[in-house]
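Undergrad:
In this note's numbering, the protein residues as written are 8 to 595.
1. Give a yes or no on whether the C-beta atoms belonging to residue 236 and residue 58 are separated by under 8 Å.
2. In angstroms with no decimal places, state the Cα-to-Cα distance between residue 338 and residue 131.
3. Please say whether residue 520 and residue 119 have beta carbons closer to each other than 8 Å?
4. If you draw a straight line from the alpha carbon of residue 4 to that of residue 20, how long is it in whole angstroms?
5. Can you tell me which residues form a DSSP beta bridge with residue 24?
6. For the putative contact between residue 46 and residue 38, defined by C-beta atoms under 8 Å, what is the C-beta separation to the nearest angstrom?
7. Among all the DSSP beta bridges, which residues are the ones paired with residue 100?
8. What residues match up with residue 15 in a beta bridge as DSSP calls it?
9. Cα-Cα, which of 282, 560, 232, 557 is closest to residue 122?
10. Excluding the 5 residues flanking residue 25 on each side, which residues of the same chain have their C-beta closer than 6 Å to its C-beta?
11. What do you get for residue 276, buried or exposed, if any count of 16 or more other CB atoms within 10 angstroms of its CB means buried?
12. Smallest Cα separation from residue 76: which of 109, 141, 136, 564?
13. So, at 6 Å on beta carbons, what are the nonlocal neighbours of residue 319 in its own chain, with the 5 sequence-adjacent residues on each side left out?
14. Tell me, to the nearest whole angstrom, how far the beta carbon of residue 98 is from that of residue 175; I am working on the premise that it is less than 8 Å.
15. How would you call residue 14, buried or exposed, if buried means at least 16 neighbouring beta carbons within 10 angstroms?
16. Can you check DSSP and say which residues form a bridge with residue 89?
17. Alpha helix (DSSP H) containing residue 65: first to last residue?
18. If we ignore side chains and look at the alpha-carbon of each, how far apart do residue 9 and residue 91 end up?
19. Just to confirm the assignment, what range does the beta strand (DSSP E) spanning residue 224 have?
20. Helix, strand or coil for residue 321? Go by DSSP, reduced to three states.
21. Hey, out of 199, 42, 308, whose CA is closest to residue 223's CA?
22. Residue 290 and residue 281 look like a contact to me (Cβ under 8 Å); what is the Cβ gap, rounded to whole Å?
23. Classify residue 77 as helix, strand or coil using the three-state DSSP reduction.
24. Report buried or exposed for residue 159, applying the criterion of at least 16 other Cβ atoms within 10 angstroms of its Cβ.
25. Just to confirm my understanding: we take residue 508, look at its own chain, exclude 5 residues before and 5 after, and list those with CB closer than 6 Å. What are they?
26. Excluding five sequence neighbours on each side, which residues of the same chain lie with their C-beta closer than 6 Å to the C-beta of residue 17?
27. Below 8 Å on the Cβ atoms is my guess for residue 294 versus residue 265; work out the distance and round it to an integer in Å.
28. Quick one, are the C-beta atoms of residue 307 and residue 107 less than 8 Å apart?
29. Assuming residue 105 contacts residue 166 under a Cβ cut-off of 8 Å, what Cβ separation, rounded to an integer in Å, is found between them?
30. Please identify the residue among 220, 244, 313, 315 whose C-alpha is closest to the C-alpha of residue 270.
31. Beta carbon of residue 154, beta carbon of residue 73: below 8 Å?
32. Please classify residue 244: does DSSP put it in a helix, a strand, or coil?
33. Return the chain-ordered list of same chain residues with a C-beta closer than 7 Å to the C-beta of residue 256, the five sequence neighbours on each side being excluded.
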């Protein structure tokens, strides 16, 4: 017979069941001590039907053994471990709050496509503090325990109503105090969407694996989506190739400093990441308090309480959130005012059809489900502002004479980056017209250094526009007379607009990261039209063709890439990514 609220469980009294997983269940309970003293705890109990599963029991005991050695403000502490009627259980600190994955879902209902930048940064740096403590723990003799969590995800991050951030579930953590410390070669454990590259390959892991996973959680908080998504067979190749967009490509108001910190923590080579969780957390702390000096745990506390106001009210608990914070929430819901997307001019080769494609009729990220009164008042401002900006952008596109730029704006708009598209169009329209330049007849100097790496070169001047006005007659001539003109020289060859090509390449990378390979193919084809010599564009084009099953064309494109001088290829291209095309097999 199953347990029910009010039942005694050893020296604990069960209050309410919190969750029921595949092999275990969790209960809110009270420790009943002498003299009527009680203490709230969380009971994690193995379900009876899995009481004979040796592998799961071993993992459960491992969690107890590791967690019992940890005592830190950012880790939920284990108080007790035992066996009752043949069933193993764990009694641990009860965190009065919500798991991060539930906070992210509730925030979307409240109109937040992603968490405000200060909140996301603070949660991540608190995670880093707890992880650094675990990574540097030693035994009684001072020998490092070598603990690695290996399962960092929003499910295993708890945020209390007081603004505390706690890590839980060290069930698959690695530590030297475990029996059979080494994982079998090629065996991977954890949630694959949060795998580091070395974890996905089944290689040895260390604290930098948790740095990667923390950055993935931060990426989701900042962008409202993961770096790579989809089923395992599709997500892991993209992860191993680093085929995902920078956070700032998905959310224009993310500053360069924060964008760079996330991407450093997501370096494919762990030697290029932050050397420790402490280093990552320290960098995030520097950014947070330089941009938001007065941030405190109260900010996070008020945010979580406001999101779950109705839930707390059902429990008879009052929510005390000051009016000043409600105003701050309103400001967070306003569209950004200073997006960071630079203006770019595309050549005529990249022009789309004369009738630009409009925005989708409905934004899939807009709220369509009923919401509670506690958060309903925050939604209209966001939705109305977004619709207003969509209509304004459409008018600008149709009336501003930016046919050559519709490609960039429509791609950004189609990806949901309304702010980025709006910023591009506004910057393009506000730019003064360029004066016509004389034709360039000299050929490019052979001493011009070749492009190297993934850094876009400096923009090259656009070709001059032909003059359509009739020039005035020369002095001494009369109207109607024909004057001899010098022989016209052939126009100089048009230089590729390398900056526009790099914009298209970045858009294609974003589409690849979303698994939109047909759209990425079209974008890469435009990229090659603009600059046929951009080696990285050709390599990505070959990879996308392989994903779409066009192996013959993919092989041809990769052969062209291999004929590119090594100095013009990406400097960080792993040699294994070039293997397999001779046999018509390639992973992106």
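Each residue gets a CB set at the ideal place from its N, CA and C atoms; glycine is no exception.
TA: In brief:
1. It is not a contact, given that the beta carbons lie outside the stated cut-off.
2. Residue 338 and residue 131: Cα-Cα distance of roughly 22 Å.
3. With respect to residue 520, residue 119 sits apart: the two C-beta atoms are not nearer than 8 Å.
4. As shown, the chain starts at 8 and ends at 595. That puts residue 4 outside it, with no answer to give.
5. Residue pairing for residue 24: DSSP places it in a beta bridge opposite 34.
6. 4 Å between Cβ atoms; contact.
7. Residue 100 pairs with 48.
8. Assignment of beta-bridge partners to residue 15 by DSSP yields 20.
9. Here the closest residue by C-alpha is 232.
10. If the five residues before and after residue 25 are omitted, its C-beta is found closer than 6 Å to the C-beta atoms of 33, 35, all from its own chain and listed in chain order.
11. Counting Cβ neighbours within 10 Å, residue 276 comes out exposed, since fewer than 16 surround it.
12. For residue 76, the nearest C-alpha among the options comes from 141.
13. Contacts found: 326.
14. Rounded, the Cβ-Cβ distance is 13 Å, inconsistent with contact.
15. Exposed.
16. In the DSSP output, where bridge partners are listed per residue, residue 89 has 96.
17. Note, residue 65: alpha helix (DSSP H), 61 to 74.
18. Spanning the two alpha carbons is a distance of roughly 14 Å.
19. For residue 224, there is no enclosing beta strand (DSSP E); the residue is found in the alpha helix (DSSP H) stretching over 214 to 230.
20. Note: residue 321 maps to helix in three-state DSSP.
21. When each option's Cα is compared against that of residue 223, the closest is 199.
22. About 7 Å separates the Cβ atoms of residue 290 and residue 281, confirming a contact at the 8 Å cut-off.
23. Correct three-state label for residue 77: coil.
24. Around the beta carbon of residue 159, 16 or more other beta carbons sit within 10 angstroms, so the residue counts as buried.
25. Cβ-Cβ distances below 6 Å link residue 508 to 534, 537, 538, 541 in the same chain, with the five nearest sequence neighbours on each side left out; the list follows chain order.
26. Cβ within range, chain order: 91.
27. Correct: roughly 6 Å between the Cβ atoms.
28. In this structure, the beta-carbon distance from residue 307 to residue 107 does not fall below 8 Å.
29. That belief holds up - the Cβ atoms of residue 105 and residue 166 are roughly 6 Å apart, short of 8 Å.
30. The shortest C-alpha separation from residue 270 is found at 220.
31. Note that the C-beta distance between residue 154 and residue 73 is below 8 Å.
32. Three-state result, residue 244: helix.
33. Around residue 256: 513, 517.
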